[in-house]
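2 protein chains.
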Amino acid sequence: MAAKSSPKLSILEQIAMVAKALGNPHRLDLLELLAQGERSVEGLAAASGLSFANTSQHLQVLRRSGLAVSRRSGLHVLYRTSGDDVLELLAALRRTAARHVEEIDRLMQGFFHQRDALEPVSRDELVGRLGDGTVTLLDVRPPEEYAAGHLPGAINIPLKELQRRLGELPDGAEVVAYCRGPYCVLAFEAVASLRECGRAARRLQDGFPEWRLAGLPVET
Amino acid sequence: MAAKSSPKLSILEQIAMVAKALGNPHRLDLLELLAQGERSVEGLAAASGLSFANTSQHLQVLRRSGLAVSRRSGLHVLYRTSGDDVLELLAALRRTAARHVEEIDRLMQGFFHQRDALEPVSRDELVGRLGDGTVTLLDVRPPEEYAAGHLPGAINIPLKELQRRLGELPDGAEVVAYCRGPYCVLAFEAVASLRECGRAARRLQDGFPEWRLAGLPVET
DNA sequence: CTGTTATTCAATAACTTTGTTGAATAGTAT
DNA sequence: ATACTATTCAACAAAGTTATTGAATAACAG
C-alpha cells in the first residue's frame, strides 16, 4: 500500500501520537496539575491518586509525546508542561468536547449545575470588576499551586479549611472562587459552601492557567 | 478509589475519548479530507486509500466522539466535520506536535525541504499580495474540493495534470500553490514541478481550511 | 417483489494500552 | 561502602484497538 510509507502518513503518525497521549483521563488530569506549575512525581501521584509506578508510566507517555518535559533536582524529578501551546491545545480539546459530546452536558447538569445554578463569572466580567471593590477573589487550590501563581489580590483558602476561615473573607463583596480549570470540583464546592453560610458567591469560568494564557495579570 | 467515580474523572473520560479519536493517523487524514467539504464514504475511501469497511469503522469513531456528523442523501451517507472548532483543534494539535516532536522536523527536513528550500508564503504575506498582480494562486486539490470552496482567483489544476496544462498559468507572476493542509504533499510536488519548468513558484503555508478559518475571503 | 448499490455490523486475529508487582537505577547522606 | 529516598523499568495479565472478512442492512430502480 503506497499510502503506508508516504511521508505525510509518517507525519500524521507523529501527530496522532500526541493526540493519543491526551487520550487517557489520568494524563489529562496530570496535565491540568502541571498547568498550575512544575511538580515532582511524588506530588503528582499524591494529587492525582495514582500509584507511583502508574504516575511515572503516564508521565513517560507525556514526555515522549512532547507534551511535558522533566529535569532532575536532587532526588526529585520535576515535570512541567513543555509550553503554553500545550495549554492552548487542552483548551481547544475541552471546547470541542464540551460542544459536541452530549454526555458532558449531562454530567454537568447532573453534578455541577445542582451546585451552581448561577452562570459562572466570565473572564471579561472579572477583568471589568477588578479594582472596583465589589469582588473578593478566592483561590481554593493547595498553597503550593497558589504560590506558583495566582490572580491579583486573590486570597488562598483551600476548600477543606473554608468553613473555619470564613472570617478572613471581607464582608460585603461578592466572592468569586477559582481553581485549576473549568471542571475542577473545588470551586463548585466552595461556592456551595459559601452560599450555605449566607455569602454571595460565584465561581470563575476559568482556572488559573486559562487566565494567565489570556495574558491577564498574575501575581506570584 | 474515590477518584474513580468522581464527576470530574467522568468528564475527563469524555474529553479523553475525543482525543483518542484523533489518536490515529488515518482518522486525522479523514478529518483533513472532511475539512475540504462534505463527502461520502466511497469518496473518503478512495481519497484515503482505506478499505470501505475500515473507512466506515473510522468514521463511526469520529461520529461517536462528536468530531464528525453524517446525513443520508439517497444511497449515500455524507460526512462532514461537526464544526469549525474541530478544525481549530486540529490546527492546535499540529502546532503542538510540530513544536515538540523532533521526528516531525526530521521528516520535514528529509522529505519536504528537499523539495521546497524556500520558506512557504505566509497567510499574511499572501493577503498583502492579493490583487497586486504579482501572484498566481494555484489550487492543486481535486476538482470537487475546489468546487466546495477555494481562495479568491485561484486556478484549479490537479497535480497529475500540471505538466500538460502549464500554459494555463499566466506568465510573469509567481505561482503560489496550495492544497488541503500544511503537510499535504501535492503542493510541495507542484512547486518542485513548476521550478523544473523554470517557473517561479512557492507553496502557501496553509491549506484551504486554515485560510477560511482565519476569516479570509473564499470563493465558491 | 427482486436486484443493485452503498454502507455498516459482527466476529476474529493480531497488536497496543493499562495497571500492577517486584526489581533495578540514580542521587544523596553518613 | 552502605543505607535510604525517589523514580523508572520489565514482565505480566487484562482490556482495548485495528484491519480484515463476510454477512446484514438501507435506499433506490425497475
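Heads up: the protein sequence lines correspond to chains A and B, in order.
Everything in the first sequence is counted per our numbering, starting at 1 for the first residue and increasing by one.
Everything in the second sequence is counted per our numbering, starting at 221 for the first residue and increasing by one.
Where is the CB? At the ideal position from N, CA and C, for every residue including glycine.
Quick caveat, the model's predicted, so the values are computed rather than measured.
Query: Contacts that residue 79 of chain A makes with chain B (C-beta to C-beta distance below 9 Å); Result: Here the premise fails: no neighbours, minimum Cβ distance about 14 Å.
Query: Contained alpha helix (DSSP H) runs [length at least 4] in the segment 375-437 of chain B, N- to C-terminal order; Result: 405-416 and 428-433
Query: Cα-Cα separation, residue 17 of chain A to residue 169 of chain A; Result: 46 Å
Query: For residue 44 of chain A, the three-state DSSP class (helix, strand or coil); Result: helix
Query: Limits of the alpha helix (DSSP H) - the one that residue 56 of chain A falls within; Result: 52-64
Query: Listed by chain order, chain B residues near residue 185 of chain A by CB distance under 8 Å; Result: 226, 227 and 228
Query: Interface partners of residue 302 of chain B on chain A, CB under 9 Å; Result: 96, 99 and 100
Query: Test: residue 24 of chain A CB closer than 8 Å to a CB of chain B; Result: yes
Query: First and last residue of the uninterrupted beta strand (DSSP E) at residue 100 of chain A; Result: No beta strand (DSSP E) contains residue 100 of chain A, which is instead part of the alpha helix (DSSP H) from 84-100.
Query: Counted within 10 angstroms of its Cβ, other Cβ atoms place residue 8 of chain A as buried (16 or more) or exposed; Result: buried
Query: Distance between beta carbons of residue 422 of chain B and residue 362 of chain B, contact taken as under 8 Å; Result: Not quite, the Cβ-Cβ distance comes to about 22 Å (not below 8 Å), so this is no contact.
Query: DSSP three-state assignment for residue 290 of chain B, whether helix, strand or coil; Result: strand
Query: Alpha-carbon to alpha-carbon, residue 41 of chain A and residue 402 of chain B; Result: 37 Å
Query: Below-8 Å beta-carbon distance, residue 208 of chain A vs any chain B residue; Result: no
Query: Three CB pairs or more closer than 8 Å across the segment 103-114 of chain A and the segment 295-311 of chain B; Result: no
Query: Rounded separation between residue 295 of chain B and residue 322 of chain B - CA only; Result: 45 Å
Query: Buried or exposed (CB count within 10 angstroms, at least 16 for buried), residue 39 of chain A; Result: buried
Query: Local conformation of residue 139 of chain A per DSSP, three classes; Result: strand
Query: Between the CA atoms of residue 132 of chain A and residue 192 of chain A - distance to the nearest angstrom; Result: 25 Å
Query: Any chain A beta carbon closer than 8 Å to residue 272 of chain B; Result: no
Query: Proximal chain B residues relative to residue 14 of chain A, where beta-carbon distance stays under 8 Å; Result: 317, 321, 323, 324 and 327
Query: Near the ligand NAD: residue 81 of chain A beta-carbon under 7 Å from a heavy atom; Result: As presented, the structure is devoid of all ligands, the ligand NAD included, so that no description of it is given.
Query: Closer than 7 Å at the beta carbon, the chain A residues around residue 305 of chain B; Result: 95, 96 and 99
Query: Same chain, Cβ closer than 7 Å to residue 37 of chain A, neighbours up to 5 away in sequence not counted; Result: 145, 148 and 149
Query: Delimiting residues of the alpha helix (DSSP H) encompassing residue 26 of chain A; Result: 25-35
Query: Residues that residue 151 of chain A bridges to, as DSSP identifies them; Result: Paired residue(s): none; residue 151 of chain A is not in a bridge.
Query: Contact check, residue 357 of chain B vs residue 377 of chain B, beta carbons under 8 Å; Result: no
Query: Cβ contact (3+ pairs, closer than 8 Å) linking the segment 21-31 of chain A and the segment 46-53 of chain A; Result: yes
Query: Sufficient close CB pairs (3 or more, under 8 Å) joining the segment 93-102 of chain A to the segment 52-62 of chain A; Result: no
Query: Residue 152 of chain A classed as buried or exposed, judged by whether at least 16 other C-beta atoms fall within 10 angstroms; Result: exposed
Query: Cross-chain neighbours of residue 18 of chain A in chain B, by beta carbon under 7 Å; Result: 313, 316, 317 and 321
Query: DSSP three-state assignment for residue 107 of chain A, whether helix, strand or coil; Result: helix
Query: Contact set between residue 29 of chain A and chain B, taken where Cβ atoms lie within less than 9 Å; Result: 223, 228, 229 and 232
Query: Other residues of its chain near residue 129 of chain A: CB distance less than 6 Å, five sequence neighbours each side excluded; Result: 135
Query: Proximal chain A residues relative to residue 263 of chain B, where beta-carbon distance stays under 9 Å; Result: Ordered by position in chain A, no residue passes the 9 Å Cβ test against residue 263 of chain B, which lies about 16 Å from the chain.
Query: Assumed close pair residue 180 of chain A, residue 207 of chain A - CB separation to whole angstroms, cut-off 8 Å; Result: 5 Å
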